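S.K.:
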Amino acid sequence: MKSLLLLFTVTGCTPATIPVRQQTETEFTLGYETCYGDYYQPEGIGRNVVMLDIFGRRLDQDSIGRLVGTGTNFGFTDVFLPEGAATLEQAEGTYTADTTGAAFTFLPGTDYDGLPFGAFLQNVTDGSRTELILFSGGEFTLMQDEDTTVIDCRLLYEEYGRTKTYEAHYRGVLNHLEWKR
363 MKSLLLLFTV
373 TGCTPATIPV
383 RQQTETEFTL
393 GYETCYGDYY
403 QPEGIGRNVV
413 MLDIFGRRLD
423 QDSIGRLVGT
433 GTNFGFTDVF
443 LPEGAATLEQ
453 AEGTYTADTT
463 GAAFTFLPGT
473 DYDGLPFGAF
483 LQNVTDGSRT
493 ELILFSGGEF
503 TLMQDEDTTV
513 IDCRLLYEEY
523 GRTKTYEAHY
533 RGVLNHLEWK
543 R
């Protein structure tokens, strides 16, 4: 009887399946900048604002902005440039998460009905988002090396009640997308 009970115990238990989490990328060479001009002028912010979208090596977007492939995409929907700058290439410096719209700031991440705004990261598998991280704080430093843009990020987010840090590096020539009002 004891051996039967032991056999049942051993065969009745199966190990729990541990989900495989996609590796979040940290090195990037593909980036897009969309210039919105003085989009926030009606709110009293008279400086230019841009969107910065950075993609992992096996991820991109199609002609209408849908994600294609598998990898990591992180970006900033609202980056506020200093006076006189129209693009990021004209605005070297350190940018900080802030909600004021001041020069050298970007909006922290927010989720509007499943759409990320501000500073965010999304892991994508076969064109579908599998993870969304909203950055509540942090900074990035932007430098120009001739036509190459270099960005070093140190961004903060909350996970299970703890503040975590995501660090990433971009080096490449930013592609410019047109925005039409």
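In the working numbering, the protein residues as written are 363 to 543.
Yeah, the Cβ is synthetic: ideal placement off N, Cα and C, and Gly gets one too.
Since this is a predicted model, take the numbers as computed values, not measurements.
Closest to Y401 by CA distance: which of G471, V441 and T388 is it?
M.R.: Nearest in C-alpha terms to Y401, of all of G471, V441 and T388, is V441.
S.K.: Do L414 and L421 have their C-beta atoms closer together than 8 angstroms?
M.R.: no
S.K.: How many Å lie between D460 and F466 at the Cα?
M.R.: Cα-Cα distance, rounded: 9 angstroms.
S.K.: Helix, strand or coil for P404? Go by DSSP, reduced to three states.
M.R.: helix
S.K.: How many Å lie between G399 and G431 at the Cα?
M.R.: 30 angstroms
S.K.: Alpha carbon to alpha carbon, what distance is there between V535 and T509?
M.R.: Looking at the sequence shown, residue 509 is not Thr but Asp. Roughly 6 angstroms between the two C-alpha positions.
S.K.: Cα separation between A448 and N410?
M.R.: 6 angstroms
S.K.: What residue from Q452, E451, A481 and Y474 has the CA that sits closest to T458's CA?
M.R.: A481
S.K.: With H531 and F390 assumed to form a contact (beta carbons below 8 angstroms), what rounded beta-carbon distance in angstroms separates them?
M.R.: 7 angstroms
S.K.: How far does the beta strand (DSSP E) with A481 in it extend, from its first residue to its last?
M.R.: From DSSP, the beta strand (DSSP E) with A481 extends over A481 to T487.
S.K.: On a CA-only basis, which of S425, N485 and R524 is nearest F417? Give me that one, please.
M.R.: Out of S425, N485 and R524, N485 has the C-alpha closest to the C-alpha of F417.
S.K.: Taking its Cβ as the centre, do 16 or more other Cβ atoms sit within 10 Å of L443, making it buried, or is it exposed?
M.R.: buried
S.K.: Rounded to whole angstroms, what is the Cα-Cα separation between D475 and Q452?
M.R.: 34 angstroms
S.K.: I'd like to check one pair, T386 with L483: are the Cβ atoms closer than 8 angstroms?
M.R.: yes
S.K.: Could you pull the DSSP bridge partners for L340 from this structure?
M.R.: What the structure shows of the chain is the stretch from 363 to 543, and residue 340 is not part of that stretch, so it cannot be assessed.
S.K.: So what does DSSP say about L340, is it helix, strand or coil?
M.R.: Because the chain spans 363 through 543 in this model, residue 340 falls outside it and cannot be assessed.
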